[in-house]
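Here is the structure we will look at, set down as structure tokens.
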Ligand SMILES: C[S@@+](CC[C@H](N)C(=O)[O-])C[C@H]1O[C@@H](n2cnc3c(N)ncnc32)[C@H](O)[C@@H]1O
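Numbering (our numbering), first residue to last: 2 to 274.
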């Protein structure tokens, strides 16, 4: 997958998405829900890793139709090149407008993106509109209140500090911007309350722990949205270089060897029957 990286792709999510631990986290969620009905939405499909998991999981293919939705044309383009299946429709757009993009569905799978959506209430209302009676929403995220495994919080702080220091040493300034609304983190309980107020029932969630290897951290540090969140206002190329350079320095600062464990929130809820 490395060979042909276009300019837009340079800062895409695909580098991180190919790590095995990430696949396993997502596979668990996909396996819980993907076979619950034939019309499945892969919301925020990105480069298509989840679409592939859905295709691999669902055995009954005769009526299967997957709507893979993402606002980024670059990500959709990579997903299209990766997945040659007549069972998938690729659609450009965001969670906030989902009901105008896809027909009624049985399942909406929304992996690793809900934290990026500023208006989560609107997104959940749109997902609720799209789901038929008894339909299922499944999402996951590792950006939520409670995501840090005890003893690892300082790694994330040091990483951003070391990267900012690396840039300042080279004359590049980093904005001290407040967190954007899109980056405000919810607790699992807050997500539960939001799902209930959006008309979902039977919400259940679990925390799953995964260890991010140094290579996977370098790879997430090449993703445009991560760079913009960690180093506001910094050109992507410089930010990516600073983050790559600082991973192992920050791990040493935080006395972590081997990798950095972190929790993922796995969340499932239903539309009422
Ligand atoms: C971290 S990637 C996750 C990709 C894929 N779901 C996965 O888990 O491998 C986040 C994706 O969310 C998309 N995204 C950002 N804002 C969004 C929104 N408001 N609605 C839907 N998708 C959004 C981005 O374009 C990006 O492709």
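The beta-carbon is built from N, C-alpha and C at its ideal position, and this holds for glycine as well.
Remember, predicted model here, so these are calculated numbers, not experimental data.
>> Taking the straight line between their C-alpha atoms, what separation do you get for residue 41 and residue 212?
In response: If you number the chain shown from 1, residue 41 lands on position 40. If you number the chain shown from 1, residue 212 lands on position 211. Whole-angstrom Cα-Cα distance: 29 Å.
> ligand 1 heavy atoms versus the CB of residue 71: any closer than 6 Å?
Replying inline: Taking the chain shown and counting its residues from 1, one reaches residue 71 at position 70. Residue 71: yes, Cβ under 6 Å from ligand 1.
> Between which two residues does the alpha helix (DSSP H) carrying residue 189 extend?
Replying inline: Here residue 189 corresponds to residue number 188 of the chain shown, with the count starting at 1. Residues 189-198.
> Where does residue 262 fall in DSSP's three states?
Replying inline: Looking up residue 262 in the chain shown gives position 261. Here residue 262 sits in strand by DSSP.
> Which value, in whole angstroms, describes the spacing of the CA atoms of residue 15 and residue 48?
Replying inline: Taking the chain shown and counting its residues from 1, one reaches residue 15 at position 14. Taking the chain shown and counting its residues from 1, one reaches residue 48 at position 47. Going by the C-alpha atoms only, they are around 6 Å apart.
>> Let me check you understand the geometry: is the CB of residue 67 closer than 6 Å to at least one non-hydrogen atom of ligand 1?
In response: Here residue 67 is taken as the residue at index 66 of the chain shown, counted from 1. No, the beta carbon of residue 67 sits no closer than 6 Å to any heavy atom of ligand 1.
>> What would DSSP say about residue 316, mapped onto helix, strand or coil?
In response: Because the chain in this structure spans residues 2 to 274, residue 316 falls outside the shown range and cannot be described.
>> The beta strand (DSSP E) that contains residue 141, what's its start and end?
In response: Within the chain shown, residue 141 is the residue found at index 140, counting from 1. Start and end: 132-142.
> Between residue 1 and residue 162, what straight-line distance do the alpha-carbon atoms span, to the nearest angstrom?
Replying inline: No answer is possible for residue 1: the residues shown for the chain start at 2 and end at 274.
>> ligand 1 and residue 47: does the residue's C-beta get closer than 6 Å to at least one heavy atom of that ligand?
In response: For the purposes of this step, residue 47 is taken as the residue at position 46 of the chain shown. Indeed, a heavy atom of ligand 1 lies less than 6 Å from the Cβ.
>> Tell me the residue span of the beta strand (DSSP E) that contains residue 155.
In response: Within the chain shown, residue 155 is the residue found at index 154, counting from 1. Not the beta strand (DSSP E): residue 155 falls in the alpha helix (DSSP H), residues 154-169.
>> For residue 264 and residue 208, what's the separation of their Cα atoms in angstroms?
In response: Within the chain shown, residue 264 is the residue found at index 263, counting from 1. Within the chain shown, residue 208 is the residue found at index 207, counting from 1. The straight-line gap from Cα to Cα measures roughly 6 Å.
>> Tell me which residues share the same chain as residue 199 and place their Cβ nearer than 6 Å to its Cβ, disregarding the 5 neighbours each side in the sequence.
In response: As a first step, residue 199 must be located in the chain shown, where it is residue number 198. The beta carbon of residue 199 is closer than 6 Å to those of 125, 126 and 129 in its chain, skipping five residues each way along the sequence.
> Is it the case that the CB of residue 53 approaches a heavy atom of ligand 1 more closely than 6 Å?
Replying inline: For the purposes of this step, residue 53 is taken as the residue at position 52 of the chain shown. No, ligand 1 has no heavy atom inside 6 Å of this Cβ.
>> Please identify the residue among 169, 164 and 138 whose C-alpha is closest to the C-alpha of residue 192.
In response: Walking along the chain shown from the start, residue 192 turns up at place 191. Comparing Cα-Cα distances from residue 192 to each of 169, 164 and 138, the minimum goes to 138.
> Does the segment 155-169 come close enough to the segment 97-105 that 3 or more CB-CB pairs lie under 8 Å?
Replying inline: no
> For residue 112, is the beta carbon positioned less than 6 Å from some heavy atom of ligand 1?
Replying inline: As a working note, residue 112 is residue 111 in the chain shown. Result yes, Cβ under 6 Å from ligand 1.
> Are at least three pairs of beta-carbons, each pair with one atom in the segment 132-149 and one in the segment 106-120, less than 8 Å apart?
Replying inline: yes
> Which residues bound the beta strand (DSSP E) around residue 120?
Replying inline: As a working mapping, residue 120 is identified with position 119 in the chain shown. First-last for residue 120: undefined, no H or E at that position.
> Measuring CA to CA, which of 57, 39, 37 and 13 is closest to residue 27?
Replying inline: Here the question's residue 27 lines up with position 26 in the chain shown. Closest option to residue 27, Cα to Cα, is 57.
>> Between residue 205 and ligand 1, is there a pair consisting of the residue's CB and a ligand heavy atom that are separated by less than 6 Å?
In response: As a working note, residue 205 is residue 204 in the chain shown. Not so, every heavy atom of ligand 1 lies at least 6 Å from the Cβ.
> DSSP three-state call for residue 84: helix, strand or coil?
Replying inline: The count along the chain shown starts at 1 and reaches residue 84 at position 83. Three-state DSSP puts residue 84 in coil, outside helix and strand.
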